Structures are given as C-alpha cells and as structure tokens.
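Here the structure is laid out as structure tokens; the discussion comes afterwards.
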Amino acid sequence: MNDKITNNNILQRITPKSVSGWIGLVIVIILAFSFGIMTSGGSDSSDVTVHEDTAEVSSKPTIWTCSMHPQIKLPNPGKCPICGMDLIPLVTGVGEEELGPRQIRISNAAKELAKIQSTVVRRGFAEAEIRMVGKIAYDERKVNYITAWVPGRLDRLYADFTGMTVNKGDHMVYMYSPELLATQEELLQAKKAEKALGQTKSNILKETAEQTLVASREKLRLYGLTDEQIKEIETTGKTTTHLTINAPIGGVVVHKNAKEGMYVKTGTQIYTIVDLSKLWVYFEAYESDLPWLRYGQKVQFSSPSFPGETFNATISFIDPVVDPKKRTIKIRAIVNNKKNLLKPEMFVSGIVKSKLDNNGKVIDENLAGKWIGPMHPEEVKDKPGFCDICGMPLVKAEELGYASKTISDKDAPLLIPVTAPMITGKRAVVYVEIPNEDGPLFEGREVVLGPRAGKFYVVKSGLKEGELVVVNGAFKIDSELQIQAKPSMMSPDGGAAPVGHGNMVMPGNSSKKMKSKKQENKQAGSKAIAALNPLYDRYFDIQMSLANDDLKAAVKGYQAVYDVVKTIDMTLFEGDAQMSWMKISSAVSQSAEKGAKDKSIEDLRSTFLLLSKSVIELEDIFGHSESKN
98 MNDKITNNNI LQRITPKSVS GWIGLVIVII LAFSFGIMTS GGSDSSDVTV
148 HEDTAEVSSK PTIWTCSMHP QIKLPNPGKC PICGMDLIPL VTGVGEEELG
198 PRQIRISNAA KELAKIQSTV VRRGFAEAEI RMVGKIAYDE RKVNYITAWV
248 PGRLDRLYAD FTGMTVNKGD HMVYMYSPEL LATQEELLQA KKAEKALGQT
298 KSNILKETAE QTLVASREKL RLYGLTDEQI KEIETTGKTT THLTINAPIG
348 GVVVHKNAKE GMYVKTGTQI YTIVDLSKLW VYFEAYESDL PWLRYGQKVQ
398 FSSPSFPGET FNATISFIDP VVDPKKRTIK IRAIVNNKKN LLKPEMFVSG
448 IVKSKLDNNG KVIDENLAGK WIGPMHPEEV KDKPGFCDIC GMPLVKAEEL
498 GYASKTISDK DAPLLIPVTA PMITGKRAVV YVEIPNEDGP LFEGREVVLG
548 PRAGKFYVVK SGLKEGELVV VNGAFKIDSE LQIQAKPSMM SPDGGAAPVG
598 HGNMVMPGNS SKKMKSKKQE NKQAGSKAIA ALNPLYDRYF DIQMSLANDD
648 LKAAVKGYQA VYDVVKTIDM TLFEGDAQMS WMKISSAVSQ SAEKGAKDKS
698 IEDLRSTFLL LSKSVIELED IFGHSESKN
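First residue of the sequence shown? That's 98 in this note's numbering, and the numbers climb one at a time after it.
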C-alpha cells in the first residue's frame, strides 16, 4: 500500500513534458534493439573469429608513414623528416605479413586494370643479326713492291701512271747498271773456264769451274735477271749494260715512287702493285656485339655502288684491342673480287647472322664435319689436308668450337622477352608470377643477363625454364613495391634511410651511407640549399603527372626542371660543393632535356628513373631547407 502511494507520488511529480520525453527514449531503444536482432541472425563461430581478428588487428601498434616517402616508418604521428608532410597510418593488406620482402599480391581485377601480362621462360637458340658498317681495303698479303736490285739509273718506266693494270711478267723498268755489266763478264769468264776444263783429268778444277759458273748465274738471278735472260747471255756471249725488271704478280699499280732518269740504290722502291682479286673488308663492331662474332663466320654485305646486290665475305680476324675513341672493335673479313666490282675505300654495310648455345658459343650447323685452317679460318674444306696459305694441317670445326657434333634443345639457353627485365646500371630485375589461390602473387628477382638476341635476352642465372615472367606492367609492380618501401629496382635494399630531425637516423639499410653523405655538405650555405627547393617541387610535379598518366604535364614538368637548373646561381656553392653541384646539375639537365623530348609515357618513366637517381644524390649531399609552413 505504501509502495503504491510512493509510486503515485512520484508519478505526480513528473510533468507531462517529461513523460513524453521518456516515452520517446524508450521507443528508440526498443527499435535499435529489434534492428540488432534482425540483422545479426544469431551468433556463430565465424562471428567470433571476425571479432577476434578485429581485436587482434586493433591491438597491434599503428605505424605512421609518409605518403611521399614510404620508407619513413615511425611509431608515433608527426611530420615527415624529409618533406614535412603529415604522417598517415600505414595500412597493410590482409595476409601481407606472410609475403616475402620482394613479393606483392594483387587482385585479379587489379591485374586486369594494370594490364599486367606474363609469359613462360623457355629454352631456344638465341639468334641475332649483327649489323655493321665498314670499308674495303687491300689484302696486305697481296701487296708487292718492285725495287731496284742493283744500283743504277732508271732509263725507262713502262708503267708510267698510277692505276695501270699489269699482268705477271710484264716489263716494268729498264735501267742501266755498271755492276750488272761486271757480273755478266764474270759469268762469261766462268763459262769459258768451265768449257776449257771440260776435258781435264783434274776433278778439283772441274768442280771449281762448275761452282764458279753456278755462283755467277745465281748472282745475276739475284740481280733480277730471269733464267731465260741468263741463258741468252751465255749463248750469245754478249753483255748488256741495261736490265729489264718484270712484274712479279698481276695487279694494279697503286703507287709510283720513282721517275725516269733517277739514280737509285739497291732496295729503292719503284712501284707498288696490289692484286685486287681478293680484298679485305674492315667492319666496326660494338663491344656488345662481340659474343655473336667469331672466326670463320660468313658476312653478307652490300655497297651503295651496287644497289640490290650482295657480297659474301668470311671473318678472318677480330682485333684484340678496343678502339679507345670509338669504343668499337675492328672485324676483318676476306671477300673474293674476281669480277673486280669492289674497289678499296668503298663504304659497305654488313649483316652477320649468329646463333648461340647455352655456353655462349656461336654455333653453325653448316660447318659440322668441315676442316678449317687454325690460322686462316677462311680456308674451309670437306676433307682433312693442309692450309693453302700457310701449309698447316687443317683441324675439325668441332675441335675449334665452330660447330657442335649434336645439337639438341638442351643445348639452347633460357630466353625472355626484352620487355621483361628492368635494367639499371649493372642490375637487371624481373618480376615472376607465382600461381596462388588468393590472387596473383609477384616476386622480384635479380637475374644475370647474357647478350641480347633481337627481341629476347639470354638469361644466364636467376630463372628456371617454365616460370612466368611479367612482360607488360613490371614498372607498375615495381612502383607499388617502392610505395610499400620494399626492395625494388631503384631501391634494392628497400626504403632508404634519411636523416631526421636532431640528427636521428631513421631505420634502414643505407643509414650509414646517407649519414656520411650528409657530412660531406661542404661550403653550401642556406641560400644555396634554399635555391634547390624549386627544383624539388618541379621533380614532384613530374612524379604526380606520371602517376596520373598525364603525358603533356610530364613533358612540361621536365622542361620546368631544365629551366630551373639553368636559373640556379653556381656561385652560391663554393669549393667541393660547387664541383658536386656542377656534376649533378649536368646529369639533371641531361635527363630533363631528354624527358622534354620523349614522345611516350613509357619513355618518360624510363627517363624519370635517371632523373630520380640524380635528384636523390642531390638531396643526399645538400639536403633541403625546412618548410616555413
């Protein structure tokens, strides 16, 4: 009874306005509770798991990073020590903690959107066409000189102009020689003595006379007289004061060194004759082309003088020394010129078709079973024998490494398309697609590349046959790894370690290196460092333009970088700092000038890698001024 009275008293104390407020609050609570029951649908083990996972994730400490410099990872919020931007929480995908340091997983939709394509690593014989330019020259072995074998006077030069074609045995010089006359007299006297002592009983006298006659004949022969001329002197018994010198070979007179009436000594050069039936062709090959070239290879070349006509030559020599100015190697080939179409000093362009095995040797199936001259590889025969040039025994092509006894697919090297590797300096990085149920998984690998074979690269190590390599979209994968501060093409050790405020070094593998570079900041005052800010700003503009695939904006950004570098006063830097600025600014200008002329977004990104290398080095040495905002 008392309780009722108490309740009634309480109710009487509540105003109508208060009653309506409480009723509304109760209705809201009931509706919310009912909605929770309807949507929950009961509780099961999966709900428990989700709540546990959520609790576990939320219990982990939050890592704070910079959106522009993802290598920055700090336990507390604040400012980026590099650019001064506000740090943001680092968000990781589900299951990323299970991935390797160079792995990244994306969804199938992201793969399609990024247009990432992969292909299989396969074995195949690397084939390439090496193009070279060259010039025709004389065959040094076909060059002969006509010289004076005795002292005397040149009374007649039958080949009286340069360029005359002569045959072997043609008369070339008619010269007077007193010594020749004395030697002929010796011959006639020896002939008479040999005849007079022909019937003597003394064998010693006979032998002496015969030896004297032979010596006189040999002396005249060494003076340039032919056997017929010597025999004529012995038969007629008449001497002559003049000597006729004949051509030792057929060819072209390329140089005339004397004139009629000149007195010459023994050994004086009178003519230079070259046999043009065989010529040398000197080609210029780049250093990178050397793996594709070897002795005995066939070269097809053409000349502008004979459009549509090709000639065949054989490589006979590869210069062991690189030209220090051109950075090329001379390749010498031999060509037959029986039709005399080719002329020395003609410019030609040649092609060598090569095939490599897995050991990097050039192989040629056409040379299998052939015999080759070890010193003159242009000498190729079907049977064993001797070299026609030097007389050395021929050697099997297989023993010289020019051919293989059996060629199978196992002998073929691994090949990947040229679009697969990303090459920077001495490193080459490829991304391998690993089949995974949770979505495409990509892993970065450093590989050792062999020579380039047309549209393919030879892989020496780092990949296996049958693996999938990314041939389109590798740059996008690499960019994502850079954003996550994982090892990538530009950062092989992961995120760089910049120096923060208070000389605090952030975590990273390159902290010692960057700290030492910061300590090298020589004679660079605050004005010099502040002058670099516009350069950094334009650099980040290019980065944003490339991220948005904005071709025009990126080109303008490169031009802006080029203009900014030109406006920075070099006198702001002193001593070693000035030398460092001149070196790096030159590299930045070259990259910016190239980027301003690029026509495709791919070329712009490639140039951006070069520019980034220089800008990062610039920031490492000089740093940046603090933001005033």
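Note that the Cβ used here is the ideal one computed from N, Cα and C, for glycine as well.
Remember, predicted model here, so these are calculated numbers, not experimental data.
Does the structure place the region 657-670 close enough to the region 682-693 that three or more beta carbon pairs sit under 8 Å? yes
Have a look at 625, 300, 393 and flag the residue whose alpha-carbon is nearest the alpha-carbon of residue 471. 393
According to DSSP, what are the bridge partners of residue 414? 429
Buried versus exposed, by CB contacts within 10 Å (16 or more), residue 635: buried
On the CB-based measure, 16 or more other CB atoms within 10 Å of its CB, does residue 321 come out buried or exposed? buried
Exposed or buried, which one is residue 177 when buried takes at least 16 other CB atoms within 10 Å? buried
Among the candidates 342, 275, 348, whose CA atom is the shortest distance from the CA of residue 435? 348
Considering only residues of the same chain and omitting the five flanking positions on each side of residue 568, which have a CB-CB separation below 7 Å? 214, 215, 216, 514, 516, 517
Cα-Cα separation, residue 469 to residue 494: 6 Å
Bridge partners for residue 451 per DSSP, in chain order? 225
Quick one: using the 10 Å Cβ neighbour count with 16 as the cut-off for buried, is residue 268 buried or exposed? exposed
Should the region 437-448 be regarded as contacting the region 378-398, the criterion being three or more beta carbon pairs within less than 8 Å? yes
Could you please give the first and the last residue of the uninterrupted alpha helix (DSSP H) stretch that includes residue 579? 571-580
Determine the DSSP secondary structure at residue 286, reduced to helix, strand or coil. Residue 286 sits in a helix when the DSSP states are folded into three classes.
Using only CA atoms, which one of 293, 288, 329, 327 lies nearest to residue 310? Ranking the options by Cα distance to residue 310, first place goes to 288.
For residue 638, collect the residues of the same chain with a Cβ closer than 8 Å to its Cβ; drop the 5 residues on either side in sequence, then sort them by chain order. Apart from the 5 residues on each side of it in sequence, residue 638 sits with its Cβ closer than 8 Å to the Cβ of 650, 654, 657 in its chain, given in chain order.
Going by the beta-carbon positions, is the gap between residue 681 and residue 708 smaller than 8 Å? Contact flag unset, no.
Identify, in the order they occur along the chain, each residue of the same chain with its Cβ nearer than 6 Å to the Cβ of residue 712, setting aside the five sequence neighbours on each side. The residues are 636.
Continuous alpha helix (DSSP H) stretch holding residue 380: start and end: Residue 380 -> not in any alpha helix (DSSP H); beta strand (DSSP E) instead, spanning 375-383.
Could you say if the region 250-268 and the region 341-360 meet the contact criterion of at least three C-beta pairs nearer than 8 Å? yes
Boundaries of the alpha helix (DSSP H) in which residue 646 is found, first to last residue: Taken as a continuous stretch (DSSP letters only), residue 646 belongs to no alpha helix (DSSP H), as it is neither H nor E.
At what residues does the beta strand (DSSP E) containing residue 251 begin and finish? 249-254
Take residue 483 and list the residues in its own chain whose beta-carbon comes closer than 8 Å to its own, dropping the five residues that flank it on each side. In the same chain as residue 483, and ignoring 5 residues on each side of it, the C-beta atoms closer than 8 Å to its own belong to 489, 490, 491, in chain order.
Which partner residues does residue 521 have in the DSSP bridge list? 524
Which residues in the same chain as residue 441 place their Cβ atom closer than 6 Å to its Cβ, once the five residues preceding and following it in sequence are excluded? A distance below 6 Å between beta-carbons, with the five flanking residues on each side excluded, links residue 441 to the following residues of its chain, in chain order: 233, 234, 235.
Enumerate in chain order the residues of its own chain whose CB-to-CB distance from residue 693 is below 8 Å, with the five nearest sequence positions on each side excluded. 652, 655, 656, 659
Best match in 423, 477, 338, 401 for proximity to residue 412 [C-alpha to C-alpha]: 477
Please report the straight-line C-alpha distance between residue 191 and residue 549, rounded to a whole angstrom. Any reading at residue 191 must be qualified, since the residue scores a pLDDT of 47, below 50, and its modelled position is unreliable; the value itself is stated next. Roughly 40 Å separates the two Cα atoms.
Are three or more beta carbon pairs between the region 576-589 and the region 162-181 nearer than 8 Å? yes
On the DSSP bridge list, what partners appear for residue 353? Beta-bridge pairing links residue 353 to 368.
Whole angstroms is fine: what's the gap from residue 531's alpha carbon to residue 559's? For residue 531 and residue 559, the gap between their C-alpha atoms comes out near 15 Å.
So the candidates are 673, 212, 631; which of them puts its Cα closest to the Cα of residue 722? Nearest option by C-alpha distance: 631.
Compute the distance between the beta-carbons of residue 250 and residue 271, then report whether it is under 8 Å. no
Restricting to Cα atoms, I'd like to know which of 573, 361, 247, 641 is closest to residue 208. 573
DSSP bridge partner residues for residue 587 (one or two, in chain order): DSSP output for residue 587 lists no bridge partner at all.
Unbroken beta strand (DSSP E) runs of length 3 or more, entirely within the region 261-335: which are they? 268-273
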